[in-house]
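These notes are about the structure you will find just below.
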Amino acid sequence: MALDQYQEEEEGMSFLDHLEALRWHLLRSVSAILILSVAAFLAKSFVFGVVILGPSKVDFVTYRWLCEVSDYVGLPALCIDELPFTIQSRQMTGQFTMHMTSSFVVGFIAAFPFVFWEVWRFISPGLYDQERNAARGAVFFVSLLFFMGAAFGYYILSPLSINFLSNYQLDPSILNEFDITSYISTLTMLVLASAIMFQLPVVVYFLAMSGLVTSGMLKSYRRHAIVVILVLSAIITPPDVISQILIAMPILVLYEAGIQIAKRLERKRARKRAEEEIDDAL
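What follows is the structure, given as structure tokens:
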């Protein structure tokens with residue numbers, strides 16, 4: 023069915039019809055997540071051995087890259103060739119529960135573009151044509167930023183955080199033996215938090231498009247935004263300065279990108295007003 027035809031049908035629907043449409047959008051989204059979660063559950067050796075437990079092994083791609091960089095610049099401290107910790111399961115149902123949970127998280131991440139597309143299909147008919155045209159490509163850009171954030175959290179933030187926590191000791195007699203629940207929860211939080219925080223340009227775009235924020239407002243609150251970003255970075259990362267800076271820097275870059283997006287929208291809006299004034303004068 024063409025999108026225009028779908029939007030025309032949506033516009034003539036009653037409240038109960040909208041609820042029915044929402045139910046089907048949710049059912050399709052949940053079905054996609056469940057299908058991909060089952061696939062992840064069945065691919066246990068790859069999902070756990072390669073993906074989830076990857077940052078806990080010294081042959082992980084990030085650690086290898088850091089060792090190559092350390093050899094190139096002559097700083098041996100950059101090379102991470104040891105992770106002094108073991109992962110254990112201290113509960114009888116721990117491994118099975120984490121298998122289920124991890125499969126669902128992997129399924130959700132893999133299905134995110136489809137889920138957001140379903141959400142967008144439900145929301146877009148309620149927008150004006152101008153708003154719908156301005157938000158064209160939203161599914162692509164939101165999905166792109168989501169995967170960029172997830173990749174940043176998985177390949178950069180998680181390995182460095184795991185390295186810091188595994189080497190942190192109050193006393194040499196205390197061994198780091200992490201529970202599988204704690205390990206997966208930390209990894210999931212870092213990946214999903216990065217994926218969500220990378221949506222900042224999209225949020226700024228829609229707020230600027232609706233007139234709720236301006237580039238001047240974003241500039242005036244830049245110092246406040248830096249403090250908020252640093253606080254959020256401290257909350258979602260381990261208590262080491264390096265990890266906090268690593269997640270704060272891209273968020274600050276995205277905030278500056280949001281300012282440029284708001285400026286572009288304002289210039290576009292000003293040109294349109296000028297053209298309308300010229301047309302009215304003629």
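23 is the number of the first residue of the sequence shown in the numbering used here; add one for each residue after it.
We treat Cβ as the ideally placed atom computed from N, Cα and C, and that holds for glycine.
Treat the numbers as computed from the prediction; the structure is a model and nothing was measured.
| Query | Result |
| --- | --- |
| Would Met170 pass as a contact of Phe228 if the rule is Cβ separation under 9 Å? | no |
| Reducing DSSP to helix, strand and coil, say where Gln110 ends up. | strand |
| Three or more C-beta pairs closer than 8 Å, one from the region 195-206 and one from the region 239-250: is that the case here? | no |
| So for Asp93, helix, strand or coil by DSSP? | helix |
| From the DSSP output, in three-state form, read off Phe220 for me. | coil |
| Can you tell me whether DSSP reads Asp201 as helix, strand or coil? | strand |
| Excluding sequence positions up to five away, which residues of its chain have a Cβ less than 6 Å from the Cβ of Asn189? | none |
| Taking the straight line between their C-alpha atoms, what separation do you get for Trp46 and Trp142? | 13 Å |
| Quick check on this structure: which residue in Ala133, Ala296, Ser183 has the alpha carbon closest to the alpha carbon of Ile206? | Ser183 |
| Is the beta carbon of Phe174 sitting closer than 9 Å to the one on Ser216? | yes |
| Using the three-state DSSP reduction, which class does Ala296 fall into: helix, strand or coil? | helix |
| Looking at Ala54: is its Cβ nearer than 9 Å to the Cβ of Val128? | no |
| Return the Cβ separation of Ile178 and Leu274 in integer angstroms, given the expectation that the two are a contact with Cβ distance under 8 Å. | Not confirmed; about 15 Å, so no contact. |
| Classify Gln110: buried if its beta carbon has 16 or more other beta carbons within 10 angstroms, exposed otherwise. | exposed |
| Tell me the rounded alpha-carbon separation between Glu297 and Ile218. | 38 Å |
| Taking buried to mean at least 16 other C-beta atoms within 10 Å of its own C-beta, is Ser204 buried or exposed? | exposed |
| From the beta carbon of Ser232, is the nearest beta carbon of chain B less than 9 Å away? | Given the protein chain composition of this structure (a single chain), no chain B is represented. |
| Please identify the residue among Glu42, Pro194, Val73, Leu167 whose C-alpha is closest to the C-alpha of Ala279. | Leu167 |
| Could you give the distance in angstroms between the alpha-carbon of Pro106 and the alpha-carbon of Gly76? | 15 Å |
| Helix or strand or just coil, what does DSSP make of Ala65? | coil |
| Starting from Lys241, follow the alpha helix (DSSP H) in both directions and report where the run begins and ends. | 237-242 |
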